[in-house]
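The structure appears right after this line, and notes come after that.
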Amino acid sequence: MSLAQRIIENKQERANVYEGIKAILGEFENKEMDQLKKDEMSKLEAKFDNLNETIISAEKNLERERIVGERQTYLDNNSGANITAKQKEIHNAFMAHMVSGDSNSLSIYNALQQDNPTQAGYLVPPQEFRMELIREIADFTFMRAKGKVLAPLNGAQSLGYPTRTAGMSSFAWGTEIGAPTADTALTFGKREFKPRPGASEIIISRTLLRNMTGADALVRSEIAEDVGIGLETAYMTGDGNNKPLGLFTNSVDGIPAARDVSTGNTATEIKIDGLIEAKYSVKGQYQTNAEWIFHRLVIKQLAKLKDSDGQYIWQPSITMGTPDMLLGKPVNMSEFAPYTMTTGLYAGIFGDLNRYWICDSLTLEIQVLLELLARTNQISYITRLETDGAPTLAAAFARVKLG
160 MSLAQRIIEN KQERANVYEG IKAILGEFEN KEMDQLKKDE MSKLEAKFDN LNETIISAEK
220 NLERERIVGE RQTYLDNNSG ANITAKQKEI HNAFMAHMVS GDSNSLSIYN ALQQDNPTQA
280 GYLVPPQEFR MELIREIADF TFMRAKGKVL APLNGAQSLG YPTRTAGMSS FAWGTEIGAP
340 TADTALTFGK REFKPRPGAS EIIISRTLLR NMTGADALVR SEIAEDVGIG LETAYMTGDG
400 NNKPLGLFTN SVDGIPAARD VSTGNTATEI KIDGLIEAKY SVKGQYQTNA EWIFHRLVIK
460 QLAKLKDSDG QYIWQPSITM GTPDMLLGKP VNMSEFAPYT MTTGLYAGIF GDLNRYWICD
520 SLTLEIQVLL ELLARTNQIS YITRLETDGA PTLAAAFARV KLG
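Residues 160 to 562 (the numbering used here) make up the sequence shown, in order.
See below:
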């Protein structure tokens with residue numbers, strides 16, 4: 160059975176487990192649940208959580224397989240005249256240094272890359288490698304796929320952009336010769352993106368690198384997952400201090416407290432009324448592309464909610480490539496979204512994720528540390544990049560807050 164088939168099978172099994180949970184909840188909706196059923200319910204909920212984790216892990220593994228497969232296909236398709244002799248030479252020198260890390264291979268690569276000199280032992284990868292790595296990082300964090308990724312800065316150290324701090328309010332009906340009322344409410348402010356440096360270190364067996372076809376795909380995949388985790392954490396809860404500003408951070412530079420919605424929720428639970436309040440606090444023009452973000456432990460609670468007709472509002476996906484749905488909108492599951500169910504804390508968010516902007520610098524450096532882990536036959540790779548991110552339109556979001 161292929162990995163994709165196992166993912167579908169796990170999703171279908173999760174849907175069956177969910178039906179079992181719903182059946183027990185329905186049976187004991189108006190009466191106390193006995194201990195036997197409580198135990199059964201606990202087992203089903205644990206299985207539901209495990210299947211969620213298995214699906215997430217399997218989807219990441221499937222993505223790794225795709226990356227390695229695409230790289231080999233690229234090499235097969237471009238082994239002839241489709242790429243220049245110099246491009247081949249640059250790629251070979253780059254890969255030689257990635258695997259060996261010796262100074263000779265670095266010198267050869269530097270000589271070929273006169274337009275991209277390295278400094279202090281850092282290796283600036285070829286444009287192709289950088290672009291593929293950035294794409295793979297996007298595959299490991301949904302925010303880079305659904306947010307608006309701006310063109311990389313080239314030369315400039317920061318990017319300022321205007322923000323509307325108050326809207327116009329002067330439109331009024333009148334007579335043909337009546338003079339319009341001048342607006343005095345519209346005001347603009349300015350925010351600034353300044354890509355901040357971040358670093359990642361991965362360790363890979365030299366034997367594996369030496370024997371594996373397309374070793375660069377393996378290195379990229381490991382870097383992408385490690386960097387992706389750091390980026391998604393910042394996109395969720397970053398404080399904006401030398402890092403991106405997160406969706407769940409109360410800030411006048413991103414999403415202020417005025418966009419928090421707690422009406423309808425209790426101190427420890429999200430209620431359907433609270434979700435409806437959050438969804439419809441976002442104006443219609445931002446609803447088309449709006450999606451939810453929750454931690455999986457919060458989703459477990461949401462999966463038990465019913466509407467006024469007794470129908471469960473959470474709809475689990477059972478096929479590849481389709482998201483779970485909540486109140487008719489896609490659900491994104493993030494391990495880095497808040498999940499502590501305590502009064503006054505955030506438990507989710509709804510909004511147009513394309514209103515979260517991400518700005519990268521062209522700088523992406525990789526340092527190969529050959530000697531550091533020589534005793535254990537491993538090579539360490541340190542990756543440094545510069546990026547920033549922030550919500551740019553507070554009105555496009557509503558944070559779900561406990562009462």
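Glycine is no exception: its CB is placed at the ideal position from the N, C-alpha and C atoms.
Taking its Cβ as the centre, do 16 or more other Cβ atoms sit within 10 Å of residue i, making it buried, or is it exposed?
i	result
Leu461	buried
Pro403	buried
Pro573	For the chain, the structure presents residues 160 to 562; residue 573 sits outside this window and is missing.
Met302	buried
Ala279	Here the model assigns Ala279 a pLDDT of 40, short of 50, so the residue's position is not dependable and the matter cannot be decided.
Thr546	buried
Thr542	buried
Glu530	exposed
Ala383	buried
Ser216	exposed
Lys560	buried
Glu212	exposed
Pro497	buried
Quick one: what's residue i bridged to in DSSP?
i	result
Pro356	Glu545
Phe453	Met492
Phe207	Per DSSP, none; premise fails for Phe207.
Gln537	Ser364
Ile414	Asn409
Phe509	Trp451 and Ala557
Val527	Tyr540
Gly404	According to the sequence as given, residue 404 is Leu; it is not Gly. Paired residues: Asp398.
Val420	Val559
Tyr515	Pro550
Trp473	Leu485
Lys307	Trp516
With residue i and residue j assumed to form a contact (beta carbons below 8 Å), what rounded beta-carbon distance in angstroms separates them?
i	j	result
Tyr439	Ala554	Not a contact, Cβ separation roughly 13 Å.
Ala549	Gly510	Incorrect: roughly 13 Å between the Cβ atoms, too far for contact.
Leu434	Leu486	6 Å
Ser421	Val386	The pair is not a contact, with the Cβ atoms about 34 Å apart (cut-off 8 Å).
Ile508	Arg455	So it is not a contact: roughly 15 Å between Cβ atoms.
Gln474	Asp468	Not really, about 14 Å apart at Cβ, beyond 8 Å.
Gly562	Thr502	6 Å
Might you give, ordered along the chain, the residues of its own chain that have their beta carbon closer than 6 Å to the beta carbon of residue i, omitting 5 neighbours on each side?
i	result
Gly306	Leu512, Tyr515 and Ile517
Thr551	Arg514 and Trp516
Leu464	Ile431 and Ile472
Pro276	The predicted model places Pro276 with a pLDDT of 45, which falls under 50 and marks its position as unreliable; any figure quoted below should be read in that light. Cβ within range, chain order: n/a, list empty.
Grab me the residues of residue i's own chain with a C-beta within less than 7 Å of its C-beta, minus the 5 sequence neighbours each way, in chain order.
i	result
Gln537	Ile362, Ile363, Ser364 and Arg365
Phe495	Glu391, Thr392, Met395 and Thr396
Does DSSP classify residue i as helix, strand or coil?
i	result
Glu212	helix
Ile180	helix
His394	The amino acid occupying residue 394 in the given sequence is Tyr; His does not appear at that position. It is helical.
Val386	helix
Asp483	strand
Val441	coil
Glu351	strand
Lys465	strand
Asp193	coil
Lys430	coil
Gln446	coil
Ser201	helix
Ser380	helix
Glu188	coil
Met302	helix
Leu504	coil
Leu292	helix
Leu532	coil
Near residue i, which residues of its chain fall below 8 Å by C-beta distance, leaving aside the five closest residues on each side in sequence?
i	result
Ile214	Ile166, Asn169, Lys170 and Arg173
Ala163	Leu221 and Met479
Lys488	Lys438, Ala449, Glu450, Trp451 and Phe509
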